[in-house]
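This note's numbering puts the first residue of the sequence shown at 24, with every later residue one more than the last. Beta carbons: idealized from backbone N, C-alpha and C, even for Gly. This one's a predicted model, so the numbers in the text were calculated from it and none came from an experiment.
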Amino acid sequence: MSGQASQQYIGTKIVSAQPMTRAEYNAYRGWELPANEDGADAGYLVEYHDGGKANDPRHAGYISWSPEDVFARAYRPIDGMTFGQAIEALKAGLRVARAGWNGKGMWLAYTPGSEFAPELAKPGHAAAHRAKEAPGDNVRLLPHIDMRAADGSMVIGWLASQTDMLAEDWLVV
Numbered sequence: 024m025s026g027q028a029s030q031q032y033i034g035t036k037i038v039s040a041q042p043m044t045r046a047e048y049n050a051y052r053g054w055e056l057p058a059n060e061d062g063a064d065a066g067y068l069v070e071y072h073d074g075g076k077a078n079d080p081r082h083a084g085y086i087s088w089s090p091e092d093v094f095a096r097a098y099r100p101i102d103g104m105t106f107g108q109a110i111e112a113l114k115a116g117l118r119v120a121r122a123g124w125n126g127k128g129m130w131l132a133y134t135p136g137s138e139f140a141p142e143l144a145k146p147g148h149a150a151a152h153r154a155k156e157a158p159g160d161n162v163r164l165l166p167h168i169d170m171r172a173a174d175g176s177m178v179i180g181w182l183a184s185q186t187d188m189l190a191e192d193w194l195v196v
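Next comes the structure, spelled out in structure tokens:
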């Protein structure tokens, strides 16, 4: 290293992974295994879908190899996420749900904020009331989380319960 102090980071990537030994990965990439590395090391070919330029023509995202133990500490299947990981998935544009909601058609989606002219506010909506308060100012809607309820209706501005926040059964739908 350069002598500078390292900064710590926390990962929030959504990846695809395929089990592959170190030797298999090197062969896949057309590389020779370095003499000081064990080709039998278990691990994964990891493909990053949410950033990074592709570095192999067979993949749309950036790929690398991760040792099995390092991978296990960094990633978990997307069908057993924490609430924090579900929030990260929402911000990445994915829909999420609790495992217990399956079959009911319920899910959450992130709605980014927006801004529009006051005359575009729909009568009877909260935005129309806001537009009347300051007719010369644009109406600004802040980002929020919406829910598709079991009956198909949309709940605007869904709020999580303590149980939802502590659950580890969130999944991408």
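- By the neighbour-count criterion, in which 16 or more other beta carbons inside 10 Å mark a residue as buried, A144 falls on the buried side.
- In the same chain as E111, and ignoring 5 residues on each side of it, the C-beta atoms closer than 6 angstroms to its own belong to T35, in chain order.
- Of all C-beta pairs linking the region 64 to 75 to the region 37 to 54, three or more are shorter than 8 angstroms, placing the two stretches in contact.
- Membership of Y85 in the beta strand (DSSP E) is indicated by the continuous run Y85 to P90.
- In this structure M104 does not touch R171 by the C-beta definition: roughly 18 angstroms separates them, more than the 8 angstroms allowed.
- Taken in chain order, the unbroken stretches of alpha helix (DSSP H) that lie wholly in the region 35 to 80 and span 4 residues or more are 45 to 52.
- Beta-bridge pairing by DSSP links E138 to R163.
- For the 7 angstroms CB-CB criterion, L131 and I168 form a contact.
- Sorting A150, V162 and L117 by C-alpha distance to the C-alpha of F139 places V162 at the top.
- With respect to the 7 angstroms criterion, D79 and I86 are classified as neighbours on the basis of their beta carbons.
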